[in-house]
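J.: The structure that follows is given in the form of structure tokens.
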Amino acid sequence: MAKNPNIYKFEIIERIITEVDFKTKEEVVEFARKVRDIAVEKNIDSSIKTAFKNAFKEIDEELTLGNLREIKKIISENN
């Protein structure tokens, strides 16, 4: 039984946001696209591929630059 991709989606989003030093949303979207494309090409479980696709979609379509900055701030404060 495949695991739910939503389990991984938020971890992927957090990792993408913390890995890129961004000033614009487009910078995050471009990095997320590259990460997604690499993950989709790999021989990994389909639920993980779906999680990468969902994470990219959320970054691209749902999150604003303000959201991305706030998430990054919260993550950095917790570390």
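Residue numbers (this note's numbering): 26 to 104. Cβ coordinates follow ideal geometry from the N, Cα and C atoms, glycine included.
1) Taking just the CA atoms, how far does valine 60 sit from asparagine 103?
2) Out of Glu36, Phe81, Ser101, which has the shortest C-alpha to C-alpha gap to valine 53?
3) How many whole angstroms separate the CB atoms of asparagine 79 and proline 30, which I take to be in contact at a CB cut-off of 8 Å?
4) So the candidates are Ile42, Ile37, Tyr33; which of them puts its Cα closest to the Cα of threonine 89?
5) Which residue marks the beginning of the alpha helix (DSSP H) containing phenylalanine 35, and which one marks its end?
T.: Inspection of the coordinates gives the following:
1) Rounded to whole angstroms, asparagine 103 and valine 60 show a C-alpha spacing of 24 Å.
2) Phe81
3) A Cβ-Cβ distance of about 6 Å is found for the pair asparagine 79 and proline 30, placing them in contact under the 8 Å criterion.
4) Ile42
5) 31 to 44
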